[in-house]
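A.B. asks:
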Amino acid sequence: MSVLAEAGLQPDPRPEALHWKYWQERADWPGSRSYVLESADRIVAHGAVVPGTLAWERERLRIVQVIDWAALPGAVGAGRAVMRSIVRLAGASLAVGGSADTLRILPHIGFRTIGAVTGYVRPLRPLGILEGRRTVSWRLLPRLARSALWALRAPRVDISAWSVPRIGPQETQRLAGVLPGAGSGAAVTERSEALFRYMLECPIVAAELYGLERQERMHGYFLLTFAPGQARLADAWLQSGDPATWHALIECAVRCARRHADVAELSAWGSDPLLERCLIECGFHPRNTRPVMLSVAGGTRIPSSLRVQMLDTDAAYLHHGIRELWA
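When we follow numbering that gives the first Met the number 0, the leftmost residue of the sequence shown carries the number 0, and every step to the right adds one.
1. With a threshold of 8 Å, are at least 3 pairs of Cβ atoms found where one atom belongs to the stretch 221-234 and the other to the stretch 261-275?
2. Terminal residues of the continuous beta strand (DSSP E) containing residue 279?
3. Tell me the start and end of each unbroken alpha helix (DSSP H) in the stretch 25-96 that is at least 4 residues and wholly inside, in chain order.
4. Taking contact to mean at least 3 C-beta pairs separated by less than 8 Å, is the stretch 222-229 in contact with the stretch 200-207?
5. Determine the DSSP secondary structure at residue 18, reduced to helix, strand or coil.
6. Mapping the DSSP letters down to three states, classify residue 321 as helix, strand or coil.
7. Could you pull out every unbroken alpha helix (DSSP H) segment of at least 4 residues lying fully inside the stretch 227-279, listed in chain order?
8. Does the Cβ-Cβ distance between residue 67 and residue 45 come in under 9 Å?
9. Could you give the DSSP three-state label for residue 215: helix, strand or coil?
10. Reducing DSSP to helix, strand and coil, say where residue 166 ends up.
11. What residues in its chain sit with their C-beta under 6 Å from that of residue 124, if we drop five residues either side in the sequence?
12. Express the C-alpha separation of residue 284 and residue 258 in angstroms, rounding to a whole number.
13. If I measure Cβ to Cβ from residue 31 and keep anything under 8 Å in the same chain, skipping five residues before and after, which residues do I get?
14. What's the gap between the Cα of residue 270 and the Cα of residue 291?
15. Between which two residues does the alpha helix (DSSP H) containing residue 142 stretch?
16. Since residue 113 and residue 293 should fall inside the 8 Å C-beta cutoff, what is the C-beta to C-beta distance between them, to a whole number of angstroms?
17. Which value, in whole angstroms, describes the spacing of the CA atoms of residue 288 and residue 70?
18. Following the continuous beta strand (DSSP E) through residue 292, name the residue where it begins and the one where it ends.
19. Enumerate in chain order the residues of its own chain whose CB-to-CB distance from residue 90 is below 8 Å, with the five nearest sequence positions on each side excluded.
20. May I ask which residues mark the beginning and end of the beta strand (DSSP E) holding residue 121?
21. Let me know if residue 137 comes out buried or exposed under the rule of 16 or more other beta-carbons within 10 Å of its beta-carbon.
22. What span of residues does the beta strand (DSSP E) with residue 185 cover, start to end?
23. Please state whether DSSP places residue 312 in a helix, a strand or coil.
24. Do residue 326 and residue 128 have their C-beta atoms within less than 9 Å of each other?
25. With distances taken between CB atoms, is the gap from residue 53 to residue 193 smaller than 9 Å?
Right, dumping it as structure tokens:
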């Protein structure tokens, strides 16, 4: 993957990681998910896809998010060319944030902004910010104090009525009745049992899938992934718009993440008002906001809003092997 390295990207180079991302079989995308542009027998640009299907009202639209998108320095237009070719493979393409250069290019190749996603964080072990550091700068102390204050002020939610069974790769059918459904106007990305099995096999980060259950009835689920020092609420869904139930789900996720002694914080994405409000009410704090952009084939109807989670991109597992904490 020299083209990625020369472009300044740092993908996990292990063969098992590359195989899982690009070639391991997925029910929603047969064949390879890695594409290259060649010139004079040399790879000059690369892009890979995270596939999905948008659903809203009575519409369904195949979608991809392009990851590991890069071109060799000096290969003018190569990046745009490989992106256009990939986008044509699906009805739509999703882009969430990106570098300044990426955000400058995307509108010129058909992407339009349809919303934003905000990253939230809740400190679980504030002292975790010090781990792995040879020296501690005085500039770190205000950050440590802030994290400690956030942790102390975080509310505790009563979850005594709920249970959170861990769902293994061979048990994903237990979630069949609580997978995301489209609401009026807002689009969601469909989930499947096969997708969760794929994520639970991820060699880049550990992943844990939980159901949210009360009185032997499944109400929803959440997926945690674990980067160095940080747990991520990569996906969550409830068959309810009741804020109290969302509070319970988020609190359950916090407690499951806290079981891991090396986890300093739990991060999450919010792009819809209900989830964002509930994250804040459960002690999470906004840290960054990224534009959500969509490119669709000509004449294709576009949703008015889109719910985005880390699982819709590579944010569920992307890391650089070091503790990159948000708090």
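All C-beta atoms in this analysis are idealised placements derived from N, C-alpha and C, irrespective of residue type, glycine included. Bear in mind the structure is a predicted one, so any value in this text is a computation, not a measurement.
C.D. replies: Taking the coordinates as given:
1. yes
2. Here residue 279 corresponds to residue number 280 of the sequence shown, with the count starting at 1. Per DSSP, residue 279 belongs to no beta strand (DSSP E); it is in the alpha helix (DSSP H), 272-280.
3. 77-86
4. Contact between the stretch 222-229 and the stretch 200-207 is present: 3 or more CB-CB pairs across the two stretches fall below 8 Å.
5. Sequence index remark: in the sequence shown, residue 18 carries index 19 (1-based). In the structure shown, residue 18 sits in a helix (DSSP, three-state: H, G or I).
6. As a position in the sequence shown, residue 321 is number 322, starting the count at 1. DSSP, read as helix, strand or coil, puts residue 321 in coil.
7. 242-257
8. The residue given as residue 67 occupies position 68 in the sequence shown. The residue given as residue 45 occupies position 46 in the sequence shown. Their beta carbons are under 9 Å apart, which means residue 67 touches residue 45 by this criterion.
9. Numbered from its first residue, the sequence shown carries residue 215 at position 216. Residue 215 falls in the coil class under three-state DSSP.
10. Taking the sequence shown and counting its residues from 1, one reaches residue 166 at position 167. In this structure, residue 166 counts as strand in the three-state DSSP scheme.
11. The count along the sequence shown starts at 1 and reaches residue 124 at position 125. Cβ neighbours of residue 124 beyond the five flanking positions: 263.
12. Counting from 1 along the sequence shown, the entry for residue 258 is found at position 259. Counting from 1 along the sequence shown, the entry for residue 284 is found at position 285. Residue 258 and residue 284: Cα-Cα distance of roughly 21 Å.
13. Along the sequence shown, read from residue 1 onward, the residue named residue 31 stands at position 32. If we look at residue 31 and ignore the five residues flanking it on each side, its Cβ neighbours are 21, 22.
14. Start at 1 with the first residue of the sequence shown, and residue 270 comes out as number 271. Start at 1 with the first residue of the sequence shown, and residue 291 comes out as number 292. For residue 270 and residue 291, the distance between alpha carbons rounds to 9 Å.
15. Locating residue 142 in the sequence shown gives position 143, where the first residue counts as 1. From DSSP, the alpha helix (DSSP H) with residue 142 extends over 139-152.
16. Translated into positions along the sequence shown, residue 113 becomes position 114. Translated into positions along the sequence shown, residue 293 becomes position 294. Correct: roughly 5 Å between the Cβ atoms.
17. In the sequence shown, counting from the first residue as 1, residue 288 sits at position 289. In the sequence shown, counting from the first residue as 1, residue 70 sits at position 71. Whole-angstrom Cα-Cα distance: 26 Å.
18. Your numbering for residue 292 matches position 293 in the sequence shown. Where residue 292 is concerned, the enclosing beta strand (DSSP E) stretches over 284-295.
19. Start at 1 with the first residue of the sequence shown, and residue 90 comes out as number 91. If we look at residue 90 and ignore the five residues flanking it on each side, its Cβ neighbours are 60, 61, 62, 295, 296, 299.
20. Working through the sequence shown from its first residue, we reach residue 121 at position 122. Taken as a continuous stretch (DSSP letters only), the beta strand (DSSP E) holding residue 121 covers 111-122.
21. Numbered from 1 along the sequence shown, position 138 holds the residue referred to as residue 137. By the neighbour-count rule (16 or more Cβ atoms within 10 Å), residue 137 is not buried but exposed.
22. The sequence position of residue 185 within the sequence shown is 186, counting from 1. Start and end: 185-188.
23. Along the sequence shown, one-based indexing puts residue 312 at 313. Correct three-state label for residue 312: coil.
24. By 1-based counting over the sequence shown, the position of residue 326 is 327. By 1-based counting over the sequence shown, the position of residue 128 is 129. It is a contact, given that the beta carbons lie within the stated cut-off.
25. For this step, residue 53 is matched to residue 54 along the sequence shown. For this step, residue 193 is matched to residue 194 along the sequence shown. Not closer than 9 Å, so no.
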